[in-house]
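Per mature numbering (1 follows the signal peptide of the UniProt record, and there is no 0), the sequence shown runs over residues -22 to -1, 1 to 427.
Data first, discussion second: the structure below is written as structure tokens.
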Amino acid sequence: MKLIKAVHLTLVALLFATATTAQTLHIEGMGNAKDIEGFNFFAVPMSLTEQELTPLTMKKAAFSGDVPISKTGLYYLYSTNSQTQMQVPFYVQPDKQGVKLKLTFIDGDPMLNLDKNNKALSAYSLIARNNLRAFWRHSNEMTLGERSAFLKQYYTTADSIIRTYETNEMVSRYIRLWAIMDAYASYLMIPNSTKTSAEAAEKESFLNLCQPDLKLLDTDMALYFQAGIQCLMKVLPPAKGLNERLKTVYQQFKDTTVTRRLTDFIITNYITHYSFKPDSKDKLDDLQQAVHTYRLSADYVQEFKDNQKSISDKRFPAKAHLTDAAGNTVDFSSLRGFYVYIDLWASWCVPCRKEIPHLQRLENELKNPLVKFVSISIDRTESDWKKAVKQLNLHGLQWLNADSSLPKALNIRGIPFFLIYDKEGNLMQYDAPRPSDGDKLKAYLEGLN
């Protein structure tokens, strides 16, 4: 019988009450030094905006730190070492003065068993992780109907756990949304797990296979999830053109935060993915019409024009100041003669960190000697960057752009962001595929000559 190793870690979170509203949650935790050796801990409140991870100070087997308060009571605890990273959702009732959480690892899966809400989060997490693994291993053996039934199990699992633990409204909403996001994550596995093309897999639409409750998705909490925007986009009906696409957003969703974020996502992609060919004027006219119809910011139009101007110059921005780990200024032209895949990231960016294992795998597996990989951080302080490089075991060309002159020159609004330059130093792909996009990017880079 397989032995299950359980590692117990006591996590004490004290919410300090003052005469005014508290601004931080003080976290203190302890664990077996042997079990957490080499790990670094971070915490962050779940939020609609990108939050910097709060590093928790490590001292032997203890860690502590002050984390911004979550209005919903929902947080993530992260732990990372050179080989893996993990995130654990937990709930602290906002009006509680203090709470003690015991974190347990069962075969690498985290469990929190403090109260009914955290037990429910942990129970769902354990089942969902096992289902994700099972779908990856066996989806190639399933019929279309069996895949659909399997993906819908996430919803029934969530409902069962909510009933069993009698979770409060906030945690119930979160778990049900989590189930939809897991169904979406499994759906995205289909091309790789079944060895079918992305085009063929796309015919098995997310809506048809998973049939999510669209009313559940009409909430800003859907945006707490990394894949929230992409999932919401998948449930929109097909549409051609910018204005028709925006029309589907406002027909499908009523939550103003959701419609605003989807609108921004669609227009930003419209701007950044457009190659500015001779029909640019027609595309600008479409954008101006959308701004007028939906009463959007004129900044979108200006960004289109700025992007058109900056991308028309294909050369790497000469004014971008780059340094290496020794503090020496580096010149991008030193890579002349190679194709260059650039990863623009920062130590505080959670999605950036999640791309790193995929990027490292791509670097290790790629056989094309003409391709160079460069990771450029936009951390403001050199110490934060160097600490992350060491923690994440990063190698190769690691450069720092502390003044963010590179993203400013290229009108890049968010990270991670990827670029590909040719052997002459000219821009080939703006907003290039991510390492996590899989074999398609690898095949493209292998084909460069």
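Backbone N, C-alpha and C define an ideal beta-carbon position, used for all residues, glycine too.
Under 7 Å, do D284 and N389 count as touching if we go by C-beta distance?
-> Taking the first residue of the sequence shown as position 1, residue 284 is located at position 306. Taking the first residue of the sequence shown as position 1, residue 389 is located at position 411. Yes, the pair counts as a contact, with Cβ atoms nearer than the cut-off.
S183 - DSSP class collapsed to helix/strand/coil | Start at 1 with the first residue of the sequence shown, and residue 183 comes out as number 205. DSSP places S183 in coil when its eight states are reduced to three.
Inter-stretch contact (C-beta, 8 Å, three-pair minimum) for the stretch 127 to 135 and the stretch 77 to 97 = At 8 Å Cβ cutoff, the stretches do not touch.
Looking only at its own chain, which residues have a Cβ that is under 6 Å from the Cβ of T(-13), when we skip the five neighbours before and after it?
-> Mapped onto the sequence shown, residue -13 falls at position 10. Here T(-13) scores only 49 on pLDDT, less than 50, and its place in the model should not be relied on; the value that follows carries that caveat. Taking T(-13) as the centre and dropping the five residues before and after it, the same chain places the C-beta of M8, K80 closer than 6 Å to its C-beta, in chain order.
DSSP puts I47 in a beta bridge; with which residues?
-> For this step, residue 47 is matched to residue 69 along the sequence shown. None; I47 has no bridge partner.
Is I153 near Y202, with beta carbons less than 7 Å apart?
-> On the sequence shown, position 175 is the one that residue 153 refers to. On the sequence shown, position 224 is the one that residue 202 refers to. Result no, Cβ atoms of I153 and Y202 do not sit closer than 7 Å.
If you follow the alpha helix (DSSP H) that N108 is part of, which residue opens it and which one closes it?
-> As a position in the sequence shown, residue 108 is number 130, starting the count at 1. That run of the alpha helix (DSSP H) goes 94 to 116.
So, helix, strand or coil for F294, using DSSP?
-> Along the sequence shown, read from residue 1 onward, the residue named residue 294 stands at position 316. Note: F294 maps to coil in three-state DSSP.
Of the residues E341, F20, L322, the one placed nearest R391, counting alpha carbons only | What you label residue 391 is simply residue 413 of the sequence shown in a count that begins at 1. The candidate whose alpha carbon is nearest that of R391 is L322.
Roughly how many angstroms lie between the CA atoms of R412 and V352, to the nearest whole one?
-> In the sequence shown, counting from the first residue as 1, residue 412 sits at position 434. In the sequence shown, counting from the first residue as 1, residue 352 sits at position 374. Cα to Cα, R412 sits roughly 14 Å from V352.
What is the residue span of the alpha helix (DSSP H) that M211 lies within?
-> The residue labelled residue 211 in the question sits at position 233 within the sequence shown. Run containing M211: 206 to 212, per the alpha helix (DSSP H) assignment.
Which one of Y162, L187, A217 has the shortest CA to CA distance from Q208?
-> Within the sequence shown, numbered from 1, the residue matching residue 208 stands at position 230. Considering only alpha carbons, the answer is Y162.
Span of the beta strand (DSSP E) holding K130?
-> Residue numbering aside, residue 130 sits at position 152 when the sequence shown is read from its first letter. Note, K130: premise wrong, no beta strand (DSSP E); alpha helix (DSSP H) at 122 to 143.
Once you ignore the five residues that flank E341 on each side, which residues in its own chain have a CB closer than 7 Å to its CB?
-> If you number the sequence shown from 1, residue 341 lands on position 363. These residues qualify, in order along the chain: F351, G374.
Assumed close pair I334, L370 - CB separation to whole angstroms, cut-off 8 Å = By 1-based counting over the sequence shown, the position of residue 334 is 356. By 1-based counting over the sequence shown, the position of residue 370 is 392. 6 Å between Cβ atoms; contact.
What did DSSP end up calling Q280 once you bin it into helix, strand or coil?
-> Translated into positions along the sequence shown, residue 280 becomes position 302. Looking at Q280 - three-state DSSP - the assignment turns out to be helix.
Using 8 Å as the threshold, is the stretch 211 to 228 in touch with the stretch 238 to 245, meaning 3 or more CB pairs across them?
-> Enough Cβ pairs lie closer than 8 Å, so yes.
Environment of residue 449 [buried if 16+ CB atoms lie within 10 Å] = Here the chain has residues from -22 to 427 only, and residue 449 is not among them.
Please report how far the alpha carbon of K386 lies from the alpha carbon of I168, in whole angstroms.
-> Walking along the sequence shown from the start, residue 386 turns up at place 408. Walking along the sequence shown from the start, residue 168 turns up at place 190. For K386 and I168, the distance between alpha carbons rounds to 37 Å.
How many angstroms separate the CA atom of I244 from the CA atom of L224?
-> Position 266 of the sequence shown, counted from the first residue, corresponds to residue 244. Position 246 of the sequence shown, counted from the first residue, corresponds to residue 224. Our two residues, I244 and L224, have alpha carbons roughly 8 Å apart in a direct line.
Exposed unless 16 or more other CB atoms sit within 10 angstroms - verdict on A136 | Looking up residue 136 in the sequence shown gives position 158. Using a 10 angstroms sphere on the CB of A136, the tally of other CB atoms reaches 16 or more, which defines it as buried.
Are V318 and Y399 touching if we call contact CB-CB under 7 Å?
-> If you number the sequence shown from 1, residue 318 lands on position 340. If you number the sequence shown from 1, residue 399 lands on position 421. Contact flag set, yes.
Assuming M43 and T32 make a contact with CB atoms under 8 Å, what is their CB distance in whole Å?
-> Position 65 of the sequence shown, counting from 1, holds the residue named residue 43. Position 54 of the sequence shown, counting from 1, holds the residue named residue 32. Per the sequence presented here, residue 43 reads as Gly, with Met not at that position. Rounded to the nearest angstrom, the Cβ distance from G43 to T32 is 5 Å, consistent with a contact under 8 Å.
6 Å CB neighbourhood of S57 in its chain, flanking five on each side removed = By 1-based counting over the sequence shown, the position of residue 57 is 79. Only F17, F19, M64 meet the Cβ criterion.
Alpha-carbon spacing of A296 relative to L405, whole angstroms = For the purposes of this step, residue 296 is identified with residue 318 of the sequence shown, where counting begins at 1. For the purposes of this step, residue 405 is identified with residue 427 of the sequence shown, where counting begins at 1. Their Cα atoms are separated by approximately 13 Å.
Nearest to E144 by CA position, among K97, C327, L187, Q71, is which residue?
-> Numbered from its first residue, the sequence shown carries residue 144 at position 166. When C-alpha distances from E144 are compared across K97, C327, L187, Q71, the shortest belongs to K97.
In or out: L34 buried (at least 16 other Cβ within 10 Å) or exposed?
-> In the sequence shown, the residue the question calls residue 34 occupies position 56. Classification for L34: buried.
Those residues which DSSP pairs with V318 across a bridge = Position 340 of the sequence shown holds residue 318. Per DSSP, K350, Y399.
Thinking C-alpha only, which one of Q204, L300, N306 is nearest L26?
-> Walking along the sequence shown from the start, residue 26 turns up at place 48. When each option's Cα is compared against that of L26, the closest is Q204.
Can S383 and H270 be called in contact, C-beta distance under 7 Å?
-> Locating residue 383 in the sequence shown gives position 405, counting from the first residue. Locating residue 270 in the sequence shown gives position 292, counting from the first residue. Judged by beta-carbon spacing, H270 lies beyond the 7 Å limit of S383, meaning their Cβ atoms are not closer than that value.
Which of the three DSSP states, helix, strand or coil, is assigned to P23?
-> The residue you call residue 23 lines up with position 45 of the sequence shown. It is a strand residue.
Cβ-Cβ separation, D160 to residue 431 (assumed contact under 8 Å), whole Å | Any question about residue 431 goes unanswered here, given that the chain covers just -22 to 427.
Just how far apart, CA to CA, sit E424 and I249?
-> Here residue 424 refers to the residue found at position 446 when the sequence shown is read from its first residue. Here residue 249 refers to the residue found at position 271 when the sequence shown is read from its first residue. Distance from the CA of E424 to the CA of I249, rounded to the nearest whole angstrom, comes to 28 Å.
N-terminal and C-terminal residue of the beta strand (DSSP E) that W377 is part of | Indexing the sequence shown from 1 puts residue 377 at position 399. Start and end: 375 to 378.
Alpha carbon to alpha carbon, how far is S48 from N95?
-> Here residue 48 is taken as the residue at index 70 of the sequence shown, counted from 1. Here residue 95 is taken as the residue at index 117 of the sequence shown, counted from 1. Each residue's alpha carbon lies about 16 Å from the other.
Distance, Cα to Cα, P23 vs R293?
-> Counted from its first residue, the sequence shown places residue 23 at position 45. Counted from its first residue, the sequence shown places residue 293 at position 315. Answer to the nearest angstrom: the Cα atoms are 40 Å apart.
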